[in-house]
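Counting in the working numbering, the sequence shown runs from 40 upward without gaps. Here a beta-carbon is modelled for each residue, glycine too, at the ideal position from N, C-alpha and C. Okay, so here's the structure we're looking at.
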Amino acid sequence: KYSRVPLFPDANGQRPPADLGDEQGQLVRWTFDLDSNSDSYTEEALTDLGGEFPRLDERFAGLNYRHGYYGAQKRGDEPGASFDTLVHIDLKTGKRQEWEPGAGKFVHEPVFVPRAADASEGEGFITSLVYDGERNLSDFVVLDAENMSSGPLARVELPTRVPFGFHGNWLDG
């Protein structure tokens, strides 16, 4: 959630500034009562660390899920700083695990991949691309979703830079 939506005009047609300054998106949960005849909802802040590209174990979409993953910007002091940290938040306990790839490296959207079709929620892997500004190349990383702070289980150095993109999805092959 942002205080104003970047890139999109408001209800009156006014465009917000392209630069939102230091504002980061806030991870919130909106709950709607679908049985009521109301357009009201409740909003709950899920963490105090802002970020973007929130994801979950897609098998639990629309259900009361426990584990969330997103990209955060913790180091704002680097030129061209973007999301530099992958975050796992346990929505039941509020505890976070974080993984930073290091100086000059920036993460893309995390994607959860279940360890097996019948695995428990959150039991699996987080995949993401990581842009290395020094090499001007990208890596593909695989992390243990239950122990992200330990760092990658695997890293594939790609022969090219993959530009930052928008949301993606994992599909069975």
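Subject >> Those runs of the beta strand (DSSP E) which lie wholly inside the region 170-197 and span at least 3 residues >> reply: For the region 170-197, whole beta strand (DSSP E) runs of length 3 or above, ordered along the chain, are 176-183, 191-196.
Original post:
So the beta strand (DSSP E) Q65 belongs to, where does it begin and stop?
Top reply: Where Q65 is concerned, there is no enclosing beta strand (DSSP E), given that its DSSP letter is neither H nor E.
Original post:
Under 9 Å, do E91 and G110 count as touching if we go by C-beta distance?
Top reply: For the 9 Å CB-CB criterion, E91 and G110 form a contact.
Subject >> Straight-line Cα distance separating R174 from L95 >> reply: L95 and R174: Cα-Cα distance of roughly 31 Å.
Subject >> 6 Å CB neighbourhood of G172 in its chain, flanking five on each side removed >> reply: Sequence-distant Cβ neighbours of G172 in its own chain, meaning closer than 6 Å and more than five residues away, are G143.
Original post:
Assuming V126 and E139 make a contact with CB atoms under 8 Å, what is their CB distance in whole Å?
Top reply: Their Cβ separation, rounded to whole angstroms, is 10 Å, which puts V126 and E139 out of contact at 8 Å.
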